[in-house]
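Report on the structure given below.
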Amino acid sequence: MTPAALAALHAEAFTTPRPWNANEFAALLDGTGVFLRGDSRGFVMGRVVAGEAELLTLAVAPQERRKGLGLALLAAFDDSARAAGAESGFLEVAAANVPARALYKAAGWREVGVRRGYYRLPDGGTDDALVLSRGFGH
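For the sequence shown, the working numbering gives the first residue as 881, with consecutive numbering after it.
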């Protein structure tokens, strides 16, 4: 997928946190240890540094939700992270994003921290970021 296609799907999937633009995706894709899995229905982007994987973003088109694609993308993230030598992973999710939190819990992620006021909301308020983690058994 091109950075423009990634940005378009991200904009369909997110309002908070704000969707990323094509330039941001292009810069991330040029980064060391970054990987992308998925297609036009949904994608996951991650990065592995020093044995730890960061799930940068996961986006699923609204019409494709609740069909198992999110879990499949998380499994693809795990596979790519392990292949790159990661022993564990982490991610941030908006506290108000209940569906995403349920997805991550179902995939074995657990809450390990909170970043208060991390996300800016469209109305000027903020939302906390929950930091989740999981190990990758080898």
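Using N, Cα and C, we set each Cβ at its ideal position, and we do this for glycine too. It should be emphasised that the depicted structure is a prediction, and the values quoted were computed from it without experimental measurement.
Nearest candidate by alpha-carbon position, reference residue i, set the options
{"i": "Ala964", "options": "Ala930, Arg946, Lys947", "result": "Ala930"}
{"i": "Met881", "options": "Thr912, Ala939, Ala933", "result": "Ala939"}
{"i": "Arg898", "options": "Gly948, Gly913, Ser1013, Leu1001", "result": "Leu1001"}
{"i": "Glu932", "options": "Ser968, Arg1014, Ser1013, Ala893", "result": "Ser968"}
{"i": "Gly950", "options": "Arg995, Val928, Ala893", "result": "Ala893"}
{"i": "Arg962", "options": "Val928, Val973, Asp1003, Glu991", "result": "Val928"}
Helix, strand or coil at residue i according to DSSP, with G and I counted as helix
{"i": "Ala961", "result": "helix"}
{"i": "Arg946", "result": "coil"}
{"i": "Arg981", "result": "helix"}
{"i": "Leu1001", "result": "coil"}
{"i": "Glu904", "result": "helix"}
{"i": "Glu991", "result": "strand"}
Backbone CA spacing between residue i and residue j [nearest angstrom]
{"i": "Gly993", "j": "Phe957", "result": "21 Å"}
{"i": "Asp910", "j": "Pro883", "result": "11 Å"}
{"i": "Gly997", "j": "Asp1007", "result": "5 Å"}
{"i": "Phe970", "j": "Asp919", "result": "23 Å"}
{"i": "Leu908", "j": "Ala952", "result": "22 Å"}
{"i": "Tyr999", "j": "Asp959", "result": "29 Å"}
{"i": "Leu936", "j": "Glu904", "result": "12 Å"}
{"i": "Ala1009", "j": "Ala975", "result": "6 Å"}
{"i": "Arg945", "j": "Ala980", "result": "11 Å"}
{"i": "Ala989", "j": "Val1011", "result": "Looking at the sequence provided, one finds Trp at residue 989 rather than Ala. Rounded to the nearest angstrom, the two C-alpha atoms are 10 Å apart."}
{"i": "Ala896", "j": "Gly1005", "result": "The residue you asked about is not Ala; residue 896 is Thr in the sequence shown. In a straight line, the C-alpha of Thr896 is about 11 Å away from that of Gly1005."}
{"i": "Gly1073", "j": "Ala887", "result": "The question about residue 1073 has no answer here: the residues shown for the chain are numbered 881 through 1018."}
{"i": "Leu889", "j": "Ala966", "result": "27 Å"}
{"i": "Asn901", "j": "Thr912", "result": "19 Å"}
{"i": "Pro942", "j": "Ala987", "result": "20 Å"}
{"i": "Ala885", "j": "Leu983", "result": "24 Å"}
Residue i - partner residues in DSSP beta bridges
{"i": "Val924", "result": "Arg917, Leu938"}
{"i": "Asp1007", "result": "Tyr999"}
{"i": "Gly969", "result": "Ala933, Arg1014"}
{"i": "Ala974", "result": "Ala1009"}
Nearest-angstrom Cβ-Cβ length linking residue i and residue j, presumed shorter than 8 Å
{"i": "Val924", "j": "Leu954", "result": "7 Å"}
{"i": "Phe915", "j": "Gly922", "result": "Not really, about 15 Å apart at Cβ, beyond 8 Å."}
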